[in-house]
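In the numbering used here, the protein residues as written are 42 to 387. Even for Gly, the Cβ is constructed at its ideal location relative to N, Cα and C. Everything below concerns the one structure shown next.
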Amino acid sequence: MTPKDDTPRNMLTPNDQSPAPSPWNMDWNLLRTFMVIAEQNSITGAARYLGLKQPTVSNALRRLETMLGCQLAQRDPRNFTLTRHGKALYHECREIFGSITRLPNLLSSMSEQVEGHITICMTSHVMTPLLDQAIAAFHKENPLTSFSISIQSSHNVVETVLSKQATFGVCLMRDKRPELESTLFYREHFGFFCGPTHPLYGKENLKLEDMRDFERVSFSTDDLGGLLHPVAAVRAQAQFSDKVAGVSNNLEEVRRMITAGLGFGPLPIHVVERDIINKRLWQLPPYTGTPAVDIFLVSHPKANLNAAEAAFLESLTGLIKKTSLTARTYGSQKINPENSMKQKTA
42 MTPKDDTPRN MLTPNDQSPA PSPWNMDWNL LRTFMVIAEQ NSITGAARYL
92 GLKQPTVSNA LRRLETMLGC QLAQRDPRNF TLTRHGKALY HECREIFGSI
142 TRLPNLLSSM SEQVEGHITI CMTSHVMTPL LDQAIAAFHK ENPLTSFSIS
192 IQSSHNVVET VLSKQATFGV CLMRDKRPEL ESTLFYREHF GFFCGPTHPL
242 YGKENLKLED MRDFERVSFS TDDLGGLLHP VAAVRAQAQF SDKVAGVSNN
292 LEEVRRMITA GLGFGPLPIH VVERDIINKR LWQLPPYTGT PAVDIFLVSH
342 PKANLNAAEA AFLESLTGLI KKTSLTARTY GSQKINPENS MKQKTA
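The following block contains the structure:
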């Protein structure tokens, strides 16, 4: 007779499945290391960022995978990709550490007066008087508040706000993220420009076809369907050359390369107004119907804001809503250097 097996049918042996770790027994340092690995998209990059040796970081990832009982990343000497489990864990780590980072700021502001620190992240050269006015007025009214502003790519701005590490962000957006509140902050028109040494500099009444054979300088997001789609659409329609002499994701560096004569390229007209007046840049076609790009204010509706953050975000949002879009649209007219100089000296 076969001995009776009293083991319940749904019970797994230790070799079948490791018990799920208790969240209170988790090694938080392993989670933080994994989050950096995911953000750097490599073990080598994470080791460099954390100031650790690469084997230490590799070992931390293996320990975490063993603890959780699943593979978090597929890696070989050439590729590193998060698995489905790894992506899910990264999303949770970002939420957890974003909230932890904000705790001191949140707790320090619990008083009757509006005080606390406001963290803003935004893409390079955000130029609108609305933001300047809002910061000046708010700090004058609430002197116990402080600000920090970091400059990042639009993609990283969104990720920083998603991880609740910033009060809000200001950036370009092609597709809105459902997790975030997105408000059209302002609209800026782009023109094409060249520097003083360029063959087209100083020439009047040019046409788009006159620019076809010249090298270009551009932004890394200047692609059809990308963040600068309106600019890319004009470029594609005009059949500009594919010869790109310089590219950057930073406006200042794109302007530097254009001014240096590497090629012509797109820039927000109102941002470079002084360069036009001082004749460091020359505006090229199109002179009317210039491509318009929207800049958004993004915030996380589930972020725990301190008193200063909540008050400032409400104040800025209110200022945007009561200002017409026409008044929040910049650079729609071609700048005439001579007329602008006369207005400034009058």
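Query	Result
Is it buried or exposed, Asp316, if we count other Cβ atoms within 10 angstroms and call 16 or more buried?	buried
To the nearest angstrom, report how far apart Ser189 and Asn246 are at their CA atoms.	45 Å
What did DSSP end up calling His180 once you bin it into helix, strand or coil?	helix
What's the C-alpha gap between Leu171 and Leu203?	24 Å
What residue does the alpha helix (DSSP H) around Gln324 start on, and which one ends it?	Careful: Gln324 lies outside any alpha helix (DSSP H), inside the beta strand (DSSP E) at 323-325.
Kindly indicate the opening and closing residues of the alpha helix (DSSP H) around Phe305.	Counting along the chain, Phe305 falls outside any alpha helix (DSSP H), and DSSP gives it neither H nor E.
Going by C-alpha distance, which of Ile176, Met163, Val295 is nearest Val339?	Met163
Three-state secondary structure (DSSP) at Ala286?	strand
Across which residues does DSSP place Val334 in a beta bridge pair?	Glu229
Mapping DSSP to helix, strand and coil, what is His341?	coil
Less than 7 Å between C-beta atoms, sequence neighbours within five positions excluded: which residues of the same chain meet that for Ser165?	Ile192, Asn291, Leu292, Glu293
So, helix, strand or coil for Ser223, using DSSP?	strand
If the criterion is Cβ atoms closer than 7 Å, does the pair Leu113 and His132 meet it?	no
Output yes or no for whether 7 Å exceeds the beta carbon distance between Ala87 and Arg228.	no
What is the residue span of the beta strand (DSSP E) that Gln206 lies within?	Unbroken run through Gln206: none, as it is neither H nor E.
In this structure, does DSSP put Arg125 in helix, strand or coil?	helix
So for Phe260, helix, strand or coil by DSSP?	strand
What do you reckon, is the C-beta of Arg103 under 6 Å from a heavy atom of the ligand NAP?	This structure simply doesn't include the ligand NAP, nor any ligand for that matter.
Is Gly359 helix, strand or coil when you go by DSSP?	helix
Evaluate Lys205 with the Cβ neighbour count: other Cβ atoms within 10 Å of its Cβ, from every protein chain shown; 16 or more gives buried, anything less gives exposed.	buried
In terms of residues, what are the limits of the beta strand (DSSP E) holding Ile161?	157-163
Our contact map puts Leu354 next to Leu346 with C-beta atoms below 8 Å; I'd like the distance itself, whole angstroms only.	7 Å
Going by the CB atoms, is the gap between Leu249 and Phe260 shorter than 7 Å?	no
Assuming Arg296 contacts Val285 under a Cβ cut-off of 8 Å, what Cβ separation, rounded to an integer in Å, is found between them?	Contact doesn't hold; Cβ gap of about 16 Å is too wide.
Please classify Glu350 as buried or exposed, where buried requires at least 16 neighbouring CB atoms within 10 angstroms.	buried
Per DSSP, what kind of secondary structure is Arg116 in: helix, strand or coil?	strand
Measuring only the C-alpha atoms, how far is His341 from Glu80?	20 Å
For the 8 Å Cβ check, are there 3 or more pairs between the region 226-242 and the region 318-337?	yes
Tell me where the alpha helix (DSSP H) around Thr186 begins and ends.	Run containing Thr186: none in the alpha helix (DSSP H); it sits in the beta strand (DSSP E), 186-192.
Secondary structure at Thr364, three-state DSSP: helix, strand or coil?	coil
Quick check: the Cα distance between Gly267 and Val98, rounded to an integer number of angstroms?	34 Å
Can you list, in chain order, the residues of its chain with a C-beta nearer than 7 Å to that of Ser282? Leave out the 5 residues immediately preceding and following it.	Arg253, Asp254, Phe255, Glu256, Arg257
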